[in-house]
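> Those protein sequences? They're chains A and B, same order as listed. So that you can map any letter, position 58 of the first sequence is 87 in this note's numbering, and since no number is skipped, the others follow by simple counting. So that you can map any letter, position 73 of the second sequence is 117 in this note's numbering, and since no number is skipped, the others follow by simple counting. By construction, the Cβ of each residue, glycine as well, lies at the ideal position given by its N, Cα and C atoms. This structure is a prediction, so every number in the text was calculated from the model and none was measured.
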Amino acid sequence: GENVEQHPSTLSVQEGDSAVIKCTYSDSASNYFPWYKQELGKRPQLIIDIRSNVGEKKDQRIAVTLNKTAKHFSLHITETQPEDSAVYFCAASSGGSTLTFGKGTMLLVSP
Amino acid sequence: GAVVSQHPSWVICKSGTSVKIECRSLDFQATTMFWYRQFPKQSLMLMATSNEGSKATYEQGVEKDKFLINHASLTLSTLTVTSAHPEDSSFYICSARRSGSSSGELFFGEGSRLTVL
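This is the structure:
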């Protein structure tokens with residue numbers, strides 16, 4: 030089955046800095062890669078996703094890049110703000126099958 | 045947007061009792077729903093895949109007789125934790141995929157925090 034590795038497990042940045050979270054996956058058939066943000070005690074919220082037919086996608090301060098050859102994808106957050114502080118999960122799936130989640134990254138943005 | 049509602053949001057019960065958690069897709073039909081368990085500071089662990097009108101598919105290590113799943117309609121799946129014990133205390137989250145969608149996108153419920161005394 031699919032295995033998703035996520036790094037780092039924790040990330041502390043100063044407000045205004047950029048944050049990068051990286052994930053690798055094992056199943057070359059995976060074609061859908063979403064990123065979720067989860068605040069304490071709340072549901073995961075989809076913040077951006079990318080499919081295997083594109084290499085990069087951007088939505089305001091958030092961007093995701095995908096390298097299918099290397100089987101890794103990354104989340105980039107620019108101009109971080111304290112409200113970006115949360116746990117971020119990457120995930121991967123193929124053909125509408127179940128999502129496999131990474132272990133999460135706790136992002137802390139200090140004012 | 046697609047909304048998934050989960051109820052109750054939190055529940056406290058005595059050891060040995062059973063607890064039912066509901067997951068509803070409010071504005072779309074969901075042939076498939078998923079149940080996850082999340083321990084503090086950990087990731088979402090898939091427990092089972094709930095399919096409307098058929099038996100759920102459980103992940104390895106998840107006791108199907110302990111975690112009963114029923115998906116009787118296209119908008120409702122239920123998870124019943126039977127004979128709950130303190131080690132069953134956790135955050136349970138459901139998600140749903142829109143029927144007919146091949147995109148893979150999931151919509152999550154608010155989660156249910158179970159505390160077993």
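Does the distance from the C-beta atom of Ala-115/A to that of Gly-131/A stay below 8 Å?
No. Outside cutoff.
> Given that a residue counts as buried once 16 or more other Cβ atoms are within 10 Å of its Cβ, and exposed if not, what is Ile-77/A?
By the neighbour-count rule (16 or more Cβ atoms within 10 Å), Ile-77/A is buried.
> Does the stretch 81 to 96 of chain A come close enough to the stretch 45 to 62 of chain B that 3 or more CB-CB pairs lie under 8 Å?
With the cut-off at 8 Å, the stretch 45 to 62 of chain B and the stretch 81 to 96 of chain A do not touch.
> Pull out every residue of the stretch 112 to 144 of chain B whose Cβ sits closer than 9 Å to any Cβ of chain A, in chain order.
If the cut-off is 9 Å between Cβ atoms, the stretch 112 to 144 of chain B has Phe-135, Ile-137, Ser-139, Arg-141 near chain A.
> Checking 8 Å against the spacing of the C-beta atoms, do Asn-96/A and Ser-81/A come in under that value?
No, these two residues do not count as a Cβ contact at 8 Å.
> Suppose you measure from the CA of His-101/A to the CA of Asp-56/A; what does that come to, to the nearest Å?
Each residue's Cα considered, the two are about 11 Å apart.
> Mind checking if Ser-59/B is an interface residue toward chain A, Cβ cutoff 8 Å exclusive?
Not closer than 8 Å to any Cβ of chain A, the Cβ of Ser-59/B fails to qualify, so no.
> Are the CB atoms of Phe-135/B and Gln-50/B nearer to each other than 8 Å?
No. Outside cutoff.
> Going along chain B, which residues have a C-beta under 7 Å from Thr-127/A?
Going along chain B in sequence order, the residues near Thr-127/A (Cβ under 7 Å) are Phe-78, Leu-90, Thr-93.
> Does any CB atom of chain A fall closer than 8 Å to the CB of Phe-72/B?
Closer than 8 Å: no.
> Using three-state DSSP, classify Glu-107/B as helix, strand or coil.
Residue state, collapsed to three classes: coil.
> On a Cα-Cα basis, can you pick out the residue from Leu-158/B, Thr-93/B, Arg-141/B that is closest to Ala-128/B?
Out of Leu-158/B, Thr-93/B, Arg-141/B, Leu-158/B has the C-alpha closest to the C-alpha of Ala-128/B.
> When you compare the stretch 100 to 109 of chain B with the stretch 58 to 71 of chain B, are there three or more beta-carbon pairs, one atom per stretch, that lie closer than 8 Å?
Result no; under three Cβ-Cβ pairs closer than 8 Å.
> When the Cα atoms are used, what is the spatial distance from Thr-101/B to Ser-94/B?
Spanning the two alpha carbons is a distance of roughly 7 Å.
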